[in-house]
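Participant: Just so we're aligned: 39 in UniProt numbering is position 39 of the sequence shown, and the numbers increase by one with no gaps anywhere. Quick reminder that beta carbons are idealized off the backbone N, C-alpha and C, glycines included.
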Amino acid sequence: MSNFANLMITTNASKLRSEKRYPLDITLGQLKLVLITGCDNRTMKVELFDNEDRSLGQLVGDDKPLYDFGIENGMHIHVADPTIQDGAYDQVEEPVETYQISAEEYAKREGTLITVVFHY
């Protein structure tokens with residue numbers, strides 16, 4: 001058995017997914033502290049999904065190490081926080097002015113990544 005597992009992490013707070021590698025000897029409580037979801041570790045609910053994305057149920061017991069839950073490479077952890085609105089971190093609060101440039105204008109610039117890469 002490997003001492004680490006690559007896990008897909010999702011949350012109700014965002015549509016973004018991320019993959020992260022965790023040691024299997026950390027506790028669920030420690031995992032909650034290092035998760036990258038932005039959810040409060042005191043209110044989050046953690047659900048485990050297998051490699052086929054079938055729910056294996058809620059993870060309960062902050063003192064239990066991850067290996068006690070049977071966590072393996074490629075599994076998926078979904079974090080739900082009832083104190084955060086679904087998709088809250090995907091919403092832009094204020095309109096942000098963005099800078100856009102056409103491909104033709106970009107090609108005319110010197111010192112861009114494309115000109116440097118194709119120069120060598």
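1) If you measure between the beta carbons of residue 196 and L24, is that distance less than 8 angstroms?
2) When you compare the region 67 to 85 with the region 27 to 45, are there three or more beta-carbon pairs, one atom per stretch, that lie closer than 8 angstroms?
3) Near E72, what residues of its chain come up, given a Cβ to Cβ distance below 7 angstroms and the 5 sequence neighbours on each side ignored?
4) How many Å lie between I26 and T98 at the Cα?
5) Going by CA-CA distance only, name the one from Y106, R21, A103 that's closest to L66.
6) Quick check: what's the CA-CA separation for L33 versus D50?
Facilitator: On the basis of the supplied data:
1) Summary: the structure shown does not reach residue 196, with the chain confined to residues 1 through 120, and so no result is reported for it.
2) yes
3) A5
4) 42 angstroms
5) R21
6) 22 angstroms
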